[in-house]
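According to numbering that gives the first Met the number 0, the sequence shown is numbered sequentially starting from 0.
To keep things clear, I will list the structure first and then write my remarks on it.
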Amino acid sequence: MILNSLKVLFLIALSIIFSSCVSSTKYYWGEYENLIYTQYKEPEKAIPEIQIQKLQADIQKAASKDQPLPPGFYAHLGYQYLQVGKAGEARQYFNAEKKAFPESAALMDRFLKKIK
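Here's what the structure looks like:
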C-alpha cells in the first residue's frame with residue numbers, strides 16, 4: 000500500500016517536472032530568425048522582396064495563432080521595404096515596431112527622421 004502511494008507520488012512529481020520543461024514561446028518567430036541570420040551571414044542571399052514575402056506570411060500566421068511577433072520583426076520588415084524603395088511601407092512598419100515595443104521608440108524615431 001505504501002509502495003503504491005510512493006509510486007503515485009513519484010509519477011505525479013515526474014509529470015510536474017517534465018511539464019515545466021515544455022517550452023512555450025511567447026512570440027511567433029516564423030521565418031524571422033532565419034532571415035536575420037541570412038541578412039548578417041550571407042547578405043548576398045538576403046533578397047528584400049523574398050524577405051518581405053516571408054515576413055508578410057509570418058504576420059498572417061501569427062494572427063491566425065493569436066501570437067504576437069517578436070521584437071525587431073516590424074523594424075526588419077520596414078528596413079526591407081526601404082531597401083526596395085517603398086518609404087511609405089517602411090514608415091508604417093517602423094511605427095508598428097514603436098507601438099508594439101515602446102522601448103524601441105528612440106531608434107525608430109531616428110529611422111523615421113532619416114526617411115522623411
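A virtual CB, placed ideally from N, CA and C, is assigned to each residue, including glycine.
(request) Please state if the CB of His75 and the CB of Leu54 are separated by a distance shorter than 9 Å. (result) Position 55 of the sequence shown, counted from the first residue, corresponds to residue 54. Position 76 of the sequence shown, counted from the first residue, corresponds to residue 75. Cβ distance < 9 Å, so Leu54 and His75 count as in contact.
(message) Can you give me the C-alpha to C-alpha distance between Gln52 and Arg109, rounded to a whole angstrom?
(response) Reading the sequence shown from its first residue, position 53 is the one you call residue 52. Reading the sequence shown from its first residue, position 110 is the one you call residue 109. In a straight line, the C-alpha of Gln52 is about 26 Å away from that of Arg109.
(message) Considering just the uninterrupted stretch of the alpha helix (DSSP H) at Tyr78, what are its terminal residues?
(response) Position 79 of the sequence shown, counted from the start, is the residue given in the question as residue 78. Tyr78 -> alpha helix (DSSP H) spans 72-82.
(message) Comparing C-alpha positions only, which one of Pro101, Tyr27, Ile46 sits nearest to Leu68?
(response) In the sequence shown, counting from the first residue as 1, residue 68 sits at position 69. Here the closest residue by C-alpha is Tyr27.
(request) Compare the C-alpha of Phe100 against each of Gly87, Gly71, Leu111 and name the closest. (result) The count along the sequence shown starts at 1 and reaches residue 100 at position 101. Comparing Cα-Cα distances from Phe100 to each of Gly87, Gly71, Leu111, the minimum goes to Gly71.
(message) According to DSSP, simplified to helix, strand and coil, what is Phe110?
(response) Translated into positions along the sequence shown, residue 110 becomes position 111. Reduced to three states, the DSSP call for Phe110 is helix.
(message) Tell me the DSSP secondary structure of Lys115 in three-state form.
(response) Counting from 1 along the sequence shown, the entry for residue 115 is found at position 116. In the structure shown, Lys115 sits in coil (DSSP, three-state: anything other than H, G, I, E or B).
(request) Report the option in Ala95, Gln66, Leu111 whose CA atom is closest to the CA atom of Ala86. (result) The count along the sequence shown starts at 1 and reaches residue 86 at position 87. Nearest option by C-alpha distance: Leu111.
(request) Work out the CA separation of Tyr80 and Glu88 for me, nearest whole Å. (result) Within the sequence shown, the letter at position 89 stands for residue 88. Within the sequence shown, the letter at position 81 stands for residue 80. About 6 Å.
(request) With a 10 Å radius around its C-beta and 16 neighbouring C-beta atoms as the bar for buried, classify Glu48 as buried or exposed. (result) As a working mapping, residue 48 is identified with position 49 in the sequence shown. Looking at its Cβ environment, which holds fewer than 16 other Cβ atoms inside 10 Å, Glu48 is exposed.
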